[in-house]
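Taking it in order: structure first as structure tokens, then the write-up.
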Amino acid sequence: TRMRLRLEALGNSALRDKMAQDLGEMDTMIGDTLDFLRASTNVEASALLNLDALLDSVCEDMEALGARIHRSGQARRAIAARPHALRRCIANLLENARCYGGDAVSLAVEDAGSAVRIIIEDQGPGIPAAEREKVFEPYYRLESSRARHTGGTGLGLTIAKAIVEAHHGTITLGTAAG
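186 is the number that the working numbering gives the last residue of the sequence shown; the numbers go up by one with no jumps.
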């Protein structure tokens with residue numbers, strides 16, 4: 009906040025704009041890091057929730073950003089989950105699919121009685137098999153330039169995995185047919 013106030017004193021300049029952008033990126037990284045640290049803790053209480061309603065809501069949010077999401081299947085019952093954490097998990101996965109796999113994304117739900125499976129597919133180039141576990145590591149990004157305009161902080165999949173595991177689930181990456 010102190011730095012932002014000092015920036016305002018610089019007036020309109022290219023340096024001021026660049027510094028403001030840097031502060032914005034720092035805020036994002038700090039926020040993502042805090043989300044990562046919270047993801048594996050049980051700070052949010054688990055509650056029975058309508059998974060279909062949550063998925064529909066996240067899909068609507070992503071569609072507002074330009075994604076085209078084809079949603080199929082249903083969870084036919086309420087599930088016990090941490091609602092905000094699960095929303096963050098699904099949003100992270102859909103955002104990755106949208107950013108790296110094109111705007112057309114498929115989200116399918118399979119209710120197997122004792123478990124619910126969520127499958128997200130996109131039409132991107134895929135993640136090489138040798139990298140599939142590495143992308144779950146904090147700050148690891150496949151895009152090697154680390155340019156901010158090409159991706160986030162490298163915590164999205166890390167956060168998603170921590171949330172899934174906190175819900176006693178598993179997350180895997182694979183290659184879709186075609």
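Beta carbons are placed, not taken as given, at the ideal position from N, Cα and C, and that holds for glycine.
**Study point:** Contact under 8 angstroms by Cβ, P91 with A55
**Key:** yes
**Study point:** C-alpha distance - L31 paired with R85, whole-angstrom precision
**Key:** Straight-line spacing of the CA atoms in L31 and R85 works out to 44 angstroms.
Check your understanding: Should A105 and V117 be called a contact, given that it needs their Cβ atoms to be closer than 8 angstroms?
Key -> no
**Study point:** Selected residue, minimal CA-CA separation from A89, among G162, L57, L115
**Key:** L57
Point to revise | Cut-off 8 angstroms between Cβ atoms - residues of its own chain near D64, not counting five sequence neighbours on either side | key: When the five nearest sequence neighbours on each side are left out, the beta carbons in the same chain lying within less than 8 angstroms of the beta carbon of D64 are those of R79, in order along the chain.
Point to revise | DSSP three-state assignment for A155, whether helix, strand or coil | key: Model confidence at A155 stands at a pLDDT of 48, short of 50, so the residue's coordinates are unreliable; what they give is reported in the following sentence. Note: A155 maps to coil in three-state DSSP.
Check your understanding: Taking the beta strand (DSSP E) that E129 falls in, what are its first and last residues?
Key -> Boundaries of the beta strand (DSSP E) harbouring E129: 124-130, taken from the DSSP string.
Practice item. My understanding is that D130 touches G74, with C-beta atoms under 8 angstroms, so please give their C-beta distance in whole angstroms. Key: Contact check for D130 and G74: beta-carbon distance about 14 angstroms, past the 8 angstroms limit, so the pair fails to qualify.
Exercise for review: Between the Cα of A170 and those of G19, D119, N100, spot the shortest distance and give me the residue it belongs to.
Suggested key: N100
Review point. Would Y145 be called buried (16 or more neighbouring beta carbons within 10 Å of its own) or exposed?
Key: Tyr is not the amino acid found at residue 145; the sequence shown has Glu there. Around the C-beta of E145, fewer than 16 other C-beta atoms lie within 10 Å, and the residue is accordingly described as exposed.
**Study point:** Candidates E103, I126, G164, L150: closest to I135 by CA position
**Key:** L150
**Study point:** alpha helix (DSSP H) segment containing V143, residue limits
**Key:** Unbroken run through V143: none, as it is neither H nor E.
Review point. Under 8 angstroms between the Cβ atoms of I167 and R96?
Key: yes
Check your understanding: What did DSSP end up calling H92 once you bin it into helix, strand or coil?
Key -> Correct three-state label for H92: helix.
Review point. Quick one: is D35 buried, meaning 16 or more other Cβ sit within 10 Å of its Cβ, or exposed?
Key: That one is exposed.
**Study point:** Coarse secondary structure for S65, derived from DSSP in three states
**Key:** helix
Point to revise | Host alpha helix (DSSP H) of A17 (start-end) | key: 10-17
Check your understanding: Can you list, in chain order, the residues of its chain whose CB lies under 8 angstroms from that of E139, leaving out five sequence neighbours each side?
Key -> L150
Point to revise | Proximity of G132 and G109 at Cβ, strictly below 8 angstroms | key: Yes, these two residues count as a Cβ contact at 8 angstroms.
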